[in-house]
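Quick mapping for you: the protein sequence lines, in order, are chains A and B.
Quick note: our numbering has the first sequence finishing at residue 243, numbered continuously throughout.
Quick note: our numbering has the second sequence finishing at residue 261, numbered continuously throughout.
Think of the CB as a built atom: it goes at the ideal place given N, C-alpha and C, for glycine as much as any other residue.
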Amino acid sequence: MDFSIILENLNVYFDGLQNTLILVSVSLIVGLIFAIPLAVLRTSKNIVINGPIWAFTYFFRGTPLLVQMFLIYYGTGQFDFIKDSFFWIFFKEAYFCALFAFSLNTCAYTTEIIRGAIENTPHGEVEAAKAAGMSMLLRIRRIILPSAFRRALPSYGNEIIFMLHGSSLASVITIIDITGAARKINSTYYSPYEAFLTAAVFYLCITFLIIWLVKRLEYSWSGHLRRD
Amino acid sequence: MLSLHGYGPSILQGTILTIELCLASLVVSMFLGIITALAKLSGTRVLSVPAQAYTTVIRGIPDLVLMLLIFYGGQVLINQIGPMAGYDEYIDINPFVAGISTIGFIFGAYMAETFRGAILAVPESQLEAGRAYGMSRIQVFIRVLLPQMVRHAIPGFGNNWLVLMKATALVSIIGLKDMVRMAGLAGGATRKPFTFYMAVAFIYLILTSISILVLNWLNDKYSVGFVKD
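(1) Quick one: list the residues of chain A neighbouring Lys72 (chain B), beta-carbon separation under 9 Å, in chain order.
(2) At which residue ranges does the stretch 137-217 of chain A contain complete alpha helix (DSSP H) runs of 4 or more residues, listed in the order of the chain?
(3) Closest to Ile238 (chain B) by CA distance: which of A:Lys60, A:Tyr73, A:Ser170 is it?
(4) Cys220 (chain A): buried (16+ other C-beta within 10 angstroms of its C-beta) or exposed?
(5) Could you list which residues in chain B have their beta carbon closer than 7 Å to that of Ser183 (chain A), in chain order?
(6) Assign Trp193 (chain B) to buried or exposed, taking buried as 16 or more other Cβ atoms, counted over all protein chains shown, within 10 Å of its Cβ.
(7) Taking DSSP as the reference, what is the three-state secondary structure of Met33 (chain B)?
(8) Please classify Met273 (chain B) as buried or exposed, where buried requires at least 16 neighbouring CB atoms within 10 angstroms.
(9) Is the beta carbon of Leu101 (chain B) closer than 9 Å to that of Phe211 (chain A)?
(10) What is the residue span of the alpha helix (DSSP H) that Ser168 (chain B) lies within?
(11) For the structure I just gave you, are there three or more beta carbon pairs, one from the stretch 132-147 of chain B and one from the stretch 173-190 of chain B, closer than 8 Å?
(12) By Cβ distance below 8 Å, which residues in the same chain neighbour Ile206 (chain B) in space, the five residues on each side in sequence not counted?
(13) With a Cβ-Cβ cutoff of 9 Å, do Leu53 (chain B) and Ala141 (chain B) count as a contact?
(14) Just confirm the distance between the C-beta atoms of Phe115 (chain A) and Ile87 (chain A), as a whole number of angstroms; I'd bet it's less than 8 Å.
(15) Output, in chain order, the set of chain A residues within a Cβ distance shorter than 7 Å of Ala201 (chain B).
(16) Specify the secondary structure class of Met84 (chain A) as computed by DSSP and reduced to three states.
(17) State the Cα-Cα distance for the pair Ala215 (chain B) and Phe117 (chain A), rounded to the nearest angstrom.
(18) Run through the stretch 105-176 of chain B for me and flag every whole beta strand (DSSP E) of 3 or more residues, listed as ranges in chain order.
(19) So the candidates are A:Leu224, A:Val63, A:Tyr204, A:Ser237; which of them puts its Cα closest to the Cα of Met16 (chain A)?
(20) Quick one: does the C-beta of Arg166 (chain A) sit closer than 8 Å to a heavy atom of the ligand MG?
(21) Within 10 Å of its beta-carbon, does Met116 (chain B) have 16 or more other beta-carbons around it, so buried, or fewer, so exposed?
(22) Indicate the three-state DSSP secondary structure (helix, strand or coil) for Asn26 (chain A) in the structure shown.
(23) If you drop the 5 nearest sequence neighbours on each side, which residues of the same chain put their C-beta closer than 6 Å to that of Glu23 (chain A)?
(24) In whole angstroms, what separates the C-alpha of Gln45 (chain B) from that of Asp210 (chain B)?
(25) From which residue to which residue does the alpha helix (DSSP H) around Ser243 (chain B) run?
(26) What residues from the stretch 196-214 of chain A come within 9 Å of chain B, judged by C-beta to C-beta, listed N to C?
(27) Tell me whether Ser235 (chain A) is buried or exposed, calling it buried when 16 or more other Cβ atoms sit within 10 Å of its Cβ.
(28) Under three-state DSSP, which class holds Arg242 (chain A)?
(29) Ordered along the chain, which non-local residues of its own chain (more than five positions away) have a Cβ less than 6 Å from that of Ala13 (chain A)?
(30) Quick one: residues in its chain with C-beta nearer than 7 Å to the C-beta of Met33 (chain B), no 5 flanking neighbours on either side, listed in chain order?
(31) Would you be able to state if there are at least three C-beta pairs under 8 Å between the stretch 135-148 of chain A and the stretch 94-113 of chain A?
(32) Mind checking the stretch 41-56 of chain B against chain A and listing, in chain order, the residues whose C-beta falls within less than 7 Å of any C-beta there?
(33) Listing by chain order, which chain B residues have their CB less than 8 Å from the CB of Tyr89 (chain A)?
(34) Measuring only between beta-carbons, confirm whether Val108 (chain B) sits less than 9 Å from chain A.
(35) To which residues of the same chain is Arg154 (chain A) closer than 6 Å at the C-beta, ignoring the five residues directly before and after it?
See below:
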């Protein structure tokens with residue numbers, strides 16, 4: 016093995032790292048912003064509200080991310096009304112399609128994570144809020160969501176890691192993320208070990224960093240529950 | 033019913049390949065998972081440290097990177113080893129074998145964690161009782177541990193299976209003719225990629241839905257005799 020190839024091309028990996036970080040963080044933020052209201056609505060007993068959100072999460076959690084990305088990247092070109100519309104300047108870009116697919120995907124998973132956490136809210140907390148005279152919106156904002164976030168955090172940490180790993184698929188539609196960088200180096204120098212092992216090390220480091228950050232956040236969010 | 037322009041049979045062929053791949057990788061991953069779980073719990077460092085490293089490292093790397101590493105790297109490795117063993121022709125890795133081994137290898141790590149948790153959930157005293165009856169270690173494993181850990185393993189196992197099934201879509205990238213690849217070819221030929229990818233998405237949804245039903249049934253079956261809490 017000859018890692019001097021990697022050292023000479025380290026800047027390719029760092030450009031890839033930048034793309035990976037942008038893809039992951041933007042889609043996580045967009046996904047989370049939409050997931051919070053969707054999760055609250057998903058707990059509704061009314062099937063007209065609850066049903067479509069269920070269908071959305073069922074579809075995006077039941078199909079591979081790769082297929083979703085292909086549907087958006089290759090699929091949208093099939094329709095003339097999209098091609099002729101203003102939106103085509105976005106949908107013809109691989110970068111936008113990857114972001115769009117990742118955001119929808121993580122939004123579906125996050126919605127279900129938060130919904131689960133909301134449904135596990137201790138009944139007493141809600142009752143106390145009602146007794147204190149809080150309106151429904153105030154209750155959601157002050158009591159239900161903060162308590163649900165605390166319970167959702169460990170699963171959400173997993174979702175962040177899944178998204179990081181899922182973002183490697185962007186390399187399939189020509190984006191140079193970390194995996195894309197490795198594929199580029201491999202095809203230029205025909206050195207699969209060096210190229211992909213380096214990518215693996217990058218991903219491992221980011222994964223460990225995320226695990227550490229989530230642990231710290233869990234610790235600080237559970238301050239009022241600690242007894243020492 | 034949406035028209036598949038005569039590509040229905042080729043998508044169906046791809047579906048069969050996807051299902052074969054899922055089942056074969058599942059067998060590999062369960063085998064690796066149970067061995068790794070036992071190695072982790074063995075209490076011998078020679079076994080538990082490599083097992084720990086395997087589960088930690090594999091779960092920290094994207095499936096796609098591992099698949100490309102094994103597919104391209106394995107190719108180079110085999111052709112370096114080949115001549116040493118006196119085999120001079122160029123060896124091509126069969127993508128089907130590469131796919132099964134990669135997915136099996138990745139999900140072996142996830143299965144190991146599930147099985148480890150399930151083994152730990154069986155009360156130690158049960159195993160002790162088995163040993164007190166004079167059963168050998170293998171007998172205790174088969175007669176006492178295995179039947180009881182299944183119940184604890186099913187939820188995690190089901191989760192892993194659903195993720196594994198979706199991960200098989202990646203093999204289309206290394207050139208296997210699974211249903212995603214078939215949809216890509218059909219979509220390219222007819223210039224209707226959306227139709228074909230959507231069809232494949234629905235096949236995945238059907239597979240997922242059937243799996244969930246079967247898993248729920250299994251869960252109920254193995255929970256007979258336990259009080260629901």
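Let me spell this out:
(1) By Cβ distance, chain A contributes nothing, its closest Cβ being about 19 Å from Lys72 (chain B), past 9 Å.
(2) 138-146, 151-154, 160-181, 193-204
(3) A:Tyr73
(4) exposed
(5) Pro94, Leu96, Val97
(6) buried
(7) In this prediction, Met33 (chain B) scores a pLDDT of 44, lower than 50, which makes its location untrustworthy; the coordinate-derived value is nonetheless stated afterwards. Three-state DSSP puts Met33 (chain B) in coil, outside helix and strand.
(8) The structure shown does not extend to residue 273 (chain B), since chain B is modelled only from 33 through 261, so no value can be given for it.
(9) yes
(10) Ser168 (chain B) -> no alpha helix (DSSP H), and no H or E assigned at all.
(11) yes
(12) Met99, Leu100, Phe103, Pro127, Ala130, Gly131
(13) no
(14) 6 Å
(15) Pro79, Leu81, Val82
(16) helix
(17) 21 Å
(18) none
(19) A:Tyr204
(20) Looking at this structure, you won't find the ligand MG or any other ligand, since it has none at all.
(21) exposed
(22) helix
(23) none
(24) 8 Å
(25) 225-254
(26) Ala197, Arg198, Asn201, Tyr205, Ser206, Pro207, Tyr208, Ala210, Phe211, Leu212, Ala214
(27) exposed
(28) coil
(29) Beyond the ends of chain A as shown, which are 16 and 243, falls residue 13 (chain A); an answer cannot be given.
(30) At Met33 (chain B) the pLDDT is 44, less than 50, meaning the model places this residue with poor confidence; the figure from the coordinates comes in the next sentence. Within the same chain, Met33 (chain B) has no close Cβ partners at all.
(31) no
(32) none
(33) Gly216, Gly219, Pro225, Phe226, Tyr229
(34) yes
(35) Ala144
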